[in-house]
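Inspection log for the structure reproduced underneath, given as structure tokens.
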Amino acid sequence: MTVQPAMPKCWRVETKPHKFCPGCGHGLVLKALGQAIDELGIQDKVVFGCDIGCSLLSWDFFNMDTVQTHHGRTNPVITGMKRANSDIIGVAYMGDGGGYAIGAQHLVSSATRNERITAILVNNTQYGMTGGQMAPTTMPGQKTETSPYGRDAETTGSPTQGPEMVAAIAPEGAYVARGSVANMKQLKGYIKKALENQMAGNGFSFVEALSLCPTNWRTNAKDTWKFLEEDMYKYFKVGELRVPGPREKEGQ
Amino acid sequence: MTVQPAMPKCWRVETKPHKFCPGCGHGLVLKALGQAIDELGIQDKVVFGCDIGCSLLSWDFFNMDTVQTHHGRTNPVITGMKRANSDIIGVAYMGDGGGYAIGAQHLVSSATRNERITAILVNNTQYGMTGGQMAPTTMPGQKTETSPYGRDAETTGSPTQGPEMVAAIAPEGAYVARGSVANMKQLKGYIKKALENQMAGNGFSFVEALSLCPTNWRTNAKDTWKFLEEDMYKYFKVGELRVPGPREKEGQ
Amino acid sequence: MPEKPIQGEKRVFVTGNEVVAWAALAAGAEIMYGYPITPQNEIMHYWTRMIPKYGRRFLQTEDELSAGFTTVGGVLAGRRAFTATAGPGNTLMQEPISMAEAMRLPIVVVVQQRGGPSTATVIYSQQEVTLTTLGGNGEGLRVVYSTATHQELFDYTIKSFNTAWKYRFPTFVLGDGYQAKMRESLTFYDPAERGIEMVPTDAYVGRPGMPGVDRPPKHMRNTYNMEEELYEVLQGYLADFAKAAPEIAEHETFDTEDADLVIISHGVVSRACKMAVRDLREQGYKVGYFRPITLRPMPEKELQEVAGKAKQLLVVESAQGQLARLVKEVIYGSTAEMLSLFKPGVGITSEEVIARVKEIKG
Amino acid sequence: MPEKPIQGEKRVFVTGNEVVAWAALAAGAEIMYGYPITPQNEIMHYWTRMIPKYGRRFLQTEDELSAGFTTVGGVLAGRRAFTATAGPGNTLMQEPISMAEAMRLPIVVVVQQRGGPSTATVIYSQQEVTLTTLGGNGEGLRVVYSTATHQELFDYTIKSFNTAWKYRFPTFVLGDGYQAKMRESLTFYDPAERGIEMVPTDAYVGRPGMPGVDRPPKHMRNTYNMEEELYEVLQGYLADFAKAAPEIAEHETFDTEDADLVIISHGVVSRACKMAVRDLREQGYKVGYFRPITLRPMPEKELQEVAGKAKQLLVVESAQGQLARLVKEVIYGSTAEMLSLFKPGVGITSEEVIARVKEIKG
Amino acid sequence: MGKPIKIVLAGEGGQGVQSVAEILAEAANEKGREALYIPNFGVEQRGGVSVAYLQIGDEAIGAPKFQIGDIVIALSDRAVIRTRKYVGPETVFVYDSGIENIQDELPTNTDKVYAIPAIEVSKKELHPRVFNVIIMGAVLKATGVVAMDDAKKAIEKKLGYKFDKNPELREMNFKAMERGAELVAELL
Amino acid sequence: MGKPIKIVLAGEGGQGVQSVAEILAEAANEKGREALYIPNFGVEQRGGVSVAYLQIGDEAIGAPKFQIGDIVIALSDRAVIRTRKYVGPETVFVYDSGIENIQDELPTNTDKVYAIPAIEVSKKELHPRVFNVIIMGAVLKATGVVAMDDAKKAIEKKLGYKFDKNPELREMNFKAMERGAELVAELL
Amino acid sequence: MAQDFKGQTLEVEKGFWTIFAGLCKGCGLCVQKCPKKCMSWSDVLGVYGTPSVKINDECIACGICQNFCPDCAITVDKKKEAKH
Amino acid sequence: MAQDFKGQTLEVEKGFWTIFAGLCKGCGLCVQKCPKKCMSWSDVLGVYGTPSVKINDECIACGICQNFCPDCAITVDKKKEAKH
Ligand SMILES: Cc1ncc(C[n+]2csc(CCOP(=O)(O)OP(=O)(O)O)c2C)c(N)n1
Ligand SMILES: Cc1ncc(C[n+]2csc(CCOP(=O)(O)OP(=O)(O)O)c2C)c(N)n1
Ligand code: SF4
Ligand code: SF4
Ligand code: SF4
Ligand code: SF4
Ligand code: SF4
Ligand code: SF4
Ligand SMILES: [Mg+2]
Ligand SMILES: [Mg+2]
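Protein chains in written order, with the numbering used here: chain A, 5 to 256; chain B, 5 to 256; chain C, 665 to 1026; chain D, 665 to 1026; chain E, 291 to 478; chain F, 291 to 478; chain G, 780 to 863; chain H, 780 to 863.
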């Protein structure tokens, strides 16, 4: 027996190593997603949509049908698809910029309409792909390319509490959680529940994943973890915010 | 002494009667706003921005500088103005479609950035100007032009809880309330606080006003009030959601 | 199995928006995505009223960006999907359309033009010609049908689905507020009964089989890492478009053979021009009529032919030269004098056209 | 009072994005609004680094719609305000720009073109010419400067504020990814020291005095209830634009007097064309060079003159005929043969231009 | 070539001019004639002047709007002001005699300017609700675009379900139509 | 008219080709010459081949990119494949001799294909970090676009603050530059 | 240039009640809210040609109708209570 | 067509630890998370020419490094515990 890499089965080996930077949290989130899909055995049902942002680098990541969309527009593309063919299990994968800034109307509306899709949002506290500008999730004092002297909460606001926002507005049946790549098992569990919630036709499912961006954080491995586990954890609380109970089928 | 109409001083008499339909709640909300402005004596400081939606009919409503913007874009226009000249007291006036659908990203972002503007959103549970289509605030079972058989919550979601959403994400200093044209004094009070909150530089101020649209509801006067006070009150809770306490000036 | 929306032929007297809704039904459109905007609202109103009976679907989105992108999603799922918009909504719609263009997705968009720029009026214009034919950050790889009558609105709404799915370019029916809101007579029909076969749709994603095992996964992208990759893709698209153009291009013309002056117009304005040409002919003026039905691609050869013969071309449009620009592009080299009657944002009557011709002819 | 950003003249060697940031500073721009997009990001990066020292402001918005509409707000408040974007961001920006167009608001927008359509590449193209000159649901009442060198990027960024505030049309500096990211030398200067007076700005809203008492309230709208109202407003705008056009239009040309073939290009591509013309002249080819600096309005008369003399015109652009269309529009009637070298989305070198000319000349 | 008859009808929001135009158009269509009806519309849902443009002829109709109407009917002061531009030397211009202080605003480029007491008749003889049907009768008589009987059928088609419940309504409507025709007949 | 010298430098993300191009460009600019430097960039932040296009001349430079370079330097296998299209009959093509299995990928349309052991020299004699400075030396020698001293001044300007803290670093950089020149000199 | 609206004032026991028919759109919102149910349609037509409103003398000048009129077509002036 | 990655396997007391240098980008995330601090840089270069990682025999085959590798460059196989 020759040992092979322990990649999720639904990862596409031919496109590995993937295109993310060394130490990028996207790889971890997509690993958790891949594992959840493997465990649910739904690789042939999932259509994966990736946003523009570093998530676009996953356009050929999986052995699953994949659509690269526009910046912020993955929720509507997957929504449109799911509305047209409800057999699909739609996964919308995006960054914090895509989900909380340019695509916030779509996130909010998918939530209030209770779209039967699973949205996974990678929070790396800035705009990775464009080289590290301030994002809605940038933390007070955090230096980015457009907050070079540190984000000033007084003039530019506080980090968006995304799952909290979604939880505040989504109707019954929605699943909402925030996980972290520092707790892979939990993250995989949240994503799995989010997929199951879609499969059960309950409602909108949303998981924010706290992630890593050593490139734009300009951190070495040690500080990368520190940034996540010390700084980010201060502002972003990991856990489940909305878990639908078992639900009577009301003729859906 | 000849009696004159009891219009707020800042209303522009020359453009009255205004352009809203008979019995339209916009007139009441703008009366409450006018009274609040009169009481605060800020008529010469306010710049009023109106959205596209029936609110556009207020483009020459006041003896105040006014800008008619695009559908959903009043928040950014007033934000841009306020950022450029902080002496202005910026009022962004919009409908539920403008604020919760097409402009939701702007509302959410103005809230998280704590823009020092006052946003007033008129909730009439549908799209008034375009002839009564479903809005994010349309209630389950409510018939509109695009939900002709009644809004189906299962497939189109539940009414957006706007103030709740804003309250969930706005930083400290924000003021958030939901008033109703059935309680004019309270509504005026909320709007006044929202303006004062801006004047104090505390943060984003948001008031949703439950309103009336007899034209598209196809209601007579009696049913108009009933629609608001019985049906809408079931889904939309009147009250204050965020009231900033007295706040230390932290070198703003 | 729901019955066919239209059985046999049926003379009706309805608004243009109702025509579009029926045509989409008749064409087998499976799902509409849309956001309200005057003057296209009633397309959605009729659609939502009628669809339960025929098992079709509707999604009202949060804005036109979403309407466009959900339509893209619907097409990716293999459905005959469409949306409708106007004015500022059309401006926004260019973002999703540019994605459809980049990925060759057969979305169908009905545009009911209104006044511009900005919110302007909710009424009427022909000011969305440039936007609809060439909007977005690309090269305008789309098909645009400009209709003039309710019958055409019906015919071309059906046809647009076939053009889109056959050639895989985003396809537009370009109407306007007048067409949207007016009533006139036309004949509804079931396309099959007229021998019109609907081009079958197929899914881009979500087909049967295990991706990577039974079939390669479908990986669709619109982003390229190097200029040269993009260039190569575009060369392929441009070649396809050039090849399809003569097959797609349509026009309507008469009385050009011996005409000194040919009136060129499109859409609803061409009705005034048609009347004007007939009147002027009766009065002894040697005038002709030419109307591109497709504004993208233009009926290039036919226009060149007309321009080669006539001494004068009079472009008439409810816009400031948006059609004229497209005409000049394809007939460049001709020396026919270019004259114009531009009335951005307002309707044009045959009286005005006649007056303009008489002014020209002295 | 913060010191002037630039004192005296200074030769520098920087990227184009840095040039834009400095030029905006030098022009007295007071506030920038923006949303990140490659290849314009560094404009924001430099701007945010430099502004605390000079008391200027910045707002990062949630998207390009907001960037455009906040810029509109800044201008309404009377500030010299600008934004910058590219590609899909430019597509979105058309909505706020159409409002600025409808209300004659002097917003300044820097566009660094990238590949299209859709996300395409983050690198380079000249595919946003149609979008920038004519985008939105209107008639393209804007001014567009297409720059070719860093010096021009500096000069025209400054000038764009003056054009905007003098004529009150939205004004663009149209660069591209190459210009954005490359470094070359140029001279920074303070406009005042060169005798360039900045056109003063003034507030549309929020001026002193009690509205309705001391002064009429300012009521600004973009919506009209009747077609005729809109038509009348547009007639005024179109007349203003037509009147301003000859004052605004700029171009660069040489060697056209005796040229058989004139190469027409704009922006960074014109550098390759310039070299090519020089080389070809040395090799004995009678070629000339013409470059519109303003793409909107076009240097109409000058182009007509050139087209009237040359036998052949070769349009060279990193797009599929977007410049050519604008050229044909204004020189219609000329019979000079129109030739092309279109390379959508990729750069063009002088070698390629030379090869194309030799191919033409046989 | 027979030109279509061009009709402009204008009134205040509630006066029902659009229904009149629509019924006339449908009546013509039913008879196999060509009709084109287009309402005006603006941003306001209520409160503006409501204008209907109607053309009826034997061949396909040209532009939806036109410059000069064959008959222009204005039912309020604002409607008079809004529509007088559609009046040419041959135009029949009809307005309600109840409109006050309108004399100076009436078109002067045609001789055929007629006031009919439609509002008054509707109030006194019938019911304010059928005011617009009186107008329809007037148009029918003045233009002859559709036979009175065909118009009645069209009304029947549209409001038949109401008439069935309340046959008096039918009576009133038909009466109104005839009264309208009479009012105009007196003038022409 | 003197044509500018056209240089293409390509390597992996971390190899520092962009700094080399930038310093050379700045050195030329400091001497009052015209320089144009443009990096390539794509959607990926890391991991792609990094290409620098550099032109130095006496007059304003034309197009930012070009088809054929005077000298093309490739520092990894992927860089060789990516840049060989810039090679013409007159082009000097330099690659690192440490690249394995590259023989079949090398350009064949020029005679001037040279391997230099820059990686090896940097590792063995100096420090892996100054690998790119060796390359700079090689370019300087091969093209003569900038005098060695001017390049040193440019480095000094850029890294002076580091050199001041650690003068050995300066030594090492200057040494690397000279070694690079030597390596090339042996071949040309 | 302020526009003048002509009001019709009625005196009731507790105060003065004025209707400005030129502002009244006949929506009836006021009628519904009147606590004394003392309002009804008037023969005077409002701005849209629809009936405006009138009161009978049960009016207590509470001002509620004024409060809820979206068009400010009603002005109610309460008489100052005599101080004993 | 599945690609083959060549792994280098090390046996430690509790299991087998394999590194696929062709996948390793040298980010060092694993090194930081190793509870035994038994990981370090290796001479074998990874896919980007940067050092990949190696372990020493304090490795307990806990699999944490595998868990946190974004590139799936590490495979850890715990030996089955002998059943007594
Ligand atoms: C309409 C539009 N605006 C801007 C961009 C540029 N853009 C591409 S990715 C990106 C930010 C990505 O940040 P985020 O969504 O947080 O994803 P990350 O890269 O951090 O994972 C931006 C602004 C774009 N492609 N399209
Ligand atoms: C971009 C764009 N999309 C759509 C429209 C059409 N439109 C105008 S108003 C409106 C809805 C108004 O509804 P709401 O905001 O709730 O205000 P209301 O009229 O109900 O007060 C819409 C969809 C537009 N003007 N611009
Ligand atoms: S820039 Fe950051 S988020 Fe993007 S791939 Fe690199 S590490 Fe990941
Ligand atoms: S449509 Fe409704 S919201 Fe609009 S003006 Fe009329 S009543 Fe008011
Ligand atoms: S003042 Fe009070 S009692 Fe009098 S009419 Fe108005 S609401 Fe009724
Ligand atoms: S509320 Fe005002 S507008 Fe409505 S009926 Fe009463 S007085 Fe008239
Ligand atoms: S398996 Fe556990 S102990 Fe061994 S190297 Fe990995 S993390 Fe360290
Ligand atoms: S986490 Fe993976 S890629 Fe990073 S250093 Fe460890 S093995 Fe290599
Ligand atoms: Mg991010
Ligand atoms: Mg509403």
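Cβ coordinates follow ideal geometry from the N, Cα and C atoms, glycine included.
Keep in mind it's a predicted model, so treat the numbers as computed, not measured.
Within the model, the alpha-carbon separation for residue 832 of chain C versus residue 898 of chain D is close to 37 Å. The three-state secondary structure of residue 822 of chain G, taken from DSSP, is strand.
Listed in chain order, the beta strand (DSSP E) elements of length 3 or more contained wholly in the stretch 162-242 of chain B are 179-184, 209-214. Residue C/768 holds the alpha-carbon nearest to the alpha-carbon of residue 904 of chain C among C/768, C/841, C/743, C/759. For residue 128 of chain A, the CB falls within less than 7 Å of some heavy atom of ligand 3. Between residue 1013 of chain C and residue 355 of chain E the beta-carbon gap is near 6 Å, inside 8 Å, which marks them as a contact. For residue 960 of chain C, the enclosing beta strand (DSSP E) starts and ends at 958-960. The shortest CA-to-CA distance from residue 13 of chain B to any of B/25, B/48, B/30, B/71 is the one to B/48. For secondary structure counted as the alpha helix (DSSP H) over 4 or more consecutive residues, the stretch 947-1021 of chain C holds these complete runs in sequence order: 964-973, 986-995. Residue pairing of residue 838 of chain G in beta bridges, as defined by DSSP: absent, with no partner found. Taking 7 Å as the cut-off, one finds no heavy atom of ligand 1 near enough to the beta carbon of residue 149 of chain A. Sorting B/112, B/156, B/220 by C-alpha distance to the C-alpha of residue 726 of chain D places B/112 at the top. The CB of residue 842 of chain C comes closer than 7 Å to the CB of 328, 354 in chain E, given here in chain order. Distance from the C-beta of residue 30 of chain B to the nearest heavy atom of ligand 4 is below 7 Å. Legend: CB atoms of the stretch 332-350 of chain E lying less than 8 Å from CB atoms of chain B belong to residues 333, 334, 335, 336, 337. Close to chain C, meaning a Cβ-Cβ distance shorter than 7 Å, are the following residues of the stretch 124-145 of chain B: 131, 134, 135, 137, 138. Burial check for residue 874 of chain D: the Cβ neighbour count within 10 Å stays below 16, so the residue is exposed. Residue 853 of chain D and residue 670 of chain D do touch by the CB rule: their CB atoms are close to 6 Å apart, below 8 Å. Between residue 745 of chain C and the set C/697, C/849, C/766, C/761, the nearest pair of CA atoms involves C/697.
Relative to the non-hydrogen atoms of ligand 7, the Cβ of residue 838 of chain H comes within a distance shorter than 7 Å of at least one. Selection C/710, C/868, C/974, C/690 evaluated against residue 681 of chain C yields C/710 as nearest (Cα-Cα). With its beta carbon at least 8 Å from every one in chain E, residue 83 of chain B lies outside the interface. Distance from the CA atom of residue 684 of chain C to the CA atom of residue 172 of chain B, rounded to whole angstroms, is 43 Å. In the DSSP annotation of this structure, the continuous segment of the beta strand (DSSP E) that includes residue 296 of chain F starts and ends at 295-302. Listed in chain order, the beta strand (DSSP E) elements of length 3 or more contained wholly in the stretch 17-77 of chain A are 50-54, 69-72. In terms of Cα proximity to residue 305 of chain E, the closest of E/432, E/379, E/437, E/366 is E/366.
Residue 703 of chain D and residue 844 of chain D do touch by the CB rule: their CB atoms are close to 4 Å apart, below 8 Å.
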